[in-house]
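Start counting the sequence shown at 13; every next residue gets the next number (the working numbering). Report on one structure; see the data block that follows.
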Amino acid sequence: MFEFALFLVFGAVLGTLGGLFGIGGGLIAIPVLGVWFGLDQQMAQGTALVMVVPNVMLALWRYHQRNRIELRHVLPLASMGFCFAWLGSIWAVGIDADSMRIGFVAFLIALTLYNLVRMFAATAPASAQMRYGWPWLGVLGAASGTMGGLFGVGGAVVATPILTSIFGTSQVVAQGLSLALALPSTGVTLATYAFHHEVDWSIGLPLAVGGLLSISWGVKVAHALPERLLRGLFCGFLVLCAVLLAFKV
Numbered sequence: 013m014f015e016f017a018l019f020l021v022f023g024a025v026l027g028t029l030g031g032l033f034g035i036g037g038g039l040i041a042i043p044v045l046g047v048w049f050g051l052d053q054q055m056a057q058g059t060a061l062v063m064v065v066p067n068v069m070l071a072l073w074r075y076h077q078r079n080r081i082e083l084r085h086v087l088p089l090a091s092m093g094f095c096f097a098w099l100g101s102i103w104a105v106g107i108d109a110d111s112m113r114i115g116f117v118a119f120l121i122a123l124t125l126y127n128l129v130r131m132f133a134a135t136a137p138a139s140a141q142m143r144y145g146w147p148w149l150g151v152l153g154a155a156s157g158t159m160g161g162l163f164g165v166g167g168a169v170v171a172t173p174i175l176t177s178i179f180g181t182s183q184v185v186a187q188g189l190s191l192a193l194a195l196p197s198t199g200v201t202l203a204t205y206a207f208h209h210e211v212d213w214s215i216g217l218p219l220a221v222g223g224l225l226s227i228s229w230g231v232k233v234a235h236a237l238p239e240r241l242l243r244g245l246f247c248g249f250l251v252l253c254a255v256l257l258a259f260k261v
């Protein structure tokens, strides 16, 4: 009972962060499950996805309520993300756990550096119209889906900075579109991990319940924060995740 309550509270914290950054919460769950609870990399990724899938679903609905998400943008992102996430997840379950962990740390560091460069570089202001449509949204969906399937993070952490810097969307709009990309890709990735017995449901289910109770609050905070502050917090969040996981490398 104590463990259930612990994972419930942990899930609530992760749900808040997932709603705030539009990533479902799995990015920090993976290093914490690996470092504090001793799960190997693939098991940590699969277990985190049990929480991420319903969190992404609810966060997507909340973002859509506040900023309507265009279906014409979602379709190429989500369809290509789904296909390539499936391929990435099949690749992931066959990789050595230590190699996967090192790759995940490198992935987080690269994301952090990219986001830091964007914060301090001169960029054009976000516009109401996206600069690029199909087929470039499909290319982004494929790349994000592959990374999401490989590392169990849904692809939103890849798509969000690219949507703001290259496609010209605001941070909040990018996070909403990234969640639309993440929903089908996290679903197929979870199914693949579960099929290969890389999911601990006794941990994942209370995480999911806790996340669902808190993610709406995170979305509300995201819409209230200044754009630059939200990006800065996202960079700090990525650094924290990389440091946590590096302790086990």
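Every residue gets a Cβ at the ideal spot worked out from N, C-alpha and C, and that includes glycine. From a predicted model like this one, the values you see are computed outputs, not experimental measurements.
May I ask which residues mark the beginning and end of the alpha helix (DSSP H) holding residue i?
i       : result
Asn-127 : 109-132
Val-211 : From DSSP, Val-211 is part of no alpha helix (DSSP H); its letter is neither H nor E.
Val-151 : 148-163
In this structure, how does DSSP classify residue i when only helix, strand and coil are distinguished?
i       : result
Thr-294 : Not covered by the structure: residue 294. The range shown for the chain is 13 to 261.
Ile-81  : coil
Arg-240 : helix
Tyr-205 : helix
Trp-229 : helix
Phe-22  : helix
Arg-74  : helix
Gly-50  : coil
Met-69  : helix
Gly-248 : helix
Gly-37  : coil
Gly-100 : helix
Met-142 : coil
Val-170 : helix
Val-105 : coil
Met-55  : helix
Met-13  : coil
Report yes if the CB atom of residue i is closer than 9 angstroms to the CB atom of residue j, and no otherwise.
i       : j       : result
Gln-53  : Ala-122 : no
Phe-116 : Thr-172 : no
Val-231 : Arg-74  : yes
Ser-177 : Arg-130 : yes
Val-77  : Glu-210 : It should be pointed out that residue 77 corresponds to Gln in this sequence rather than to Val. For Gln-77 and Glu-210, no; Cβs fall outside 9 angstroms.
Leu-149 : Leu-237 : no
Leu-99  : Leu-195 : no
Pro-218 : Leu-20  : yes
Tyr-205 : Val-105 : yes
Leu-175 : Ala-186 : yes
Ser-91  : Gly-153 : yes
Ser-228 : Leu-70  : yes
Ile-107 : Leu-189 : no
Which residues in the same chain have their Cβ closer than 8 angstroms to the Cβ of residue i, if we skip the five residues on either side of it in sequence?
i       : result
Phe-119 : Met-159, Phe-163
Ile-40  : Leu-26, Leu-29, Phe-249, Leu-252, Cys-253, Leu-256
Val-200 : Phe-94, Ala-97, Trp-98, Ser-101, Gly-161
Using a Cβ-Cβ cut-off of 7 angstroms (strictly less than) and excluding sequence neighbours within five positions of residue i, which residues of its own chain qualify?
i       : result
Met-142 : His-85, Phe-179, Gly-180, Thr-181
Val-233 : Leu-32
Ser-156 : Gly-93, Gly-167, Val-170, Ala-171, Leu-193
Arg-37  : It should be pointed out that residue 37 corresponds to Gly in this sequence rather than to Arg. Leu-26, Gly-27, Leu-29, Gly-30, Met-63, Val-64, Asn-67, Gly-223.
Ala-60  : Gly-38, Ala-41, Ile-42, Leu-45, Gly-164
Phe-22  : Leu-219, Gly-222
Val-184 : Asn-79, Ala-234, His-235
Ser-226 : Ala-24, Gly-27, Thr-28
Trp-103 : Leu-162
Met-55  : Glu-210, Asp-212
Residues in its own chain within less than 6 angstroms of residue i by CB, not counting five upstream and five downstream?
i       : result
Leu-51  : Leu-45
Met-112 : Gln-53
His-208 : Val-105
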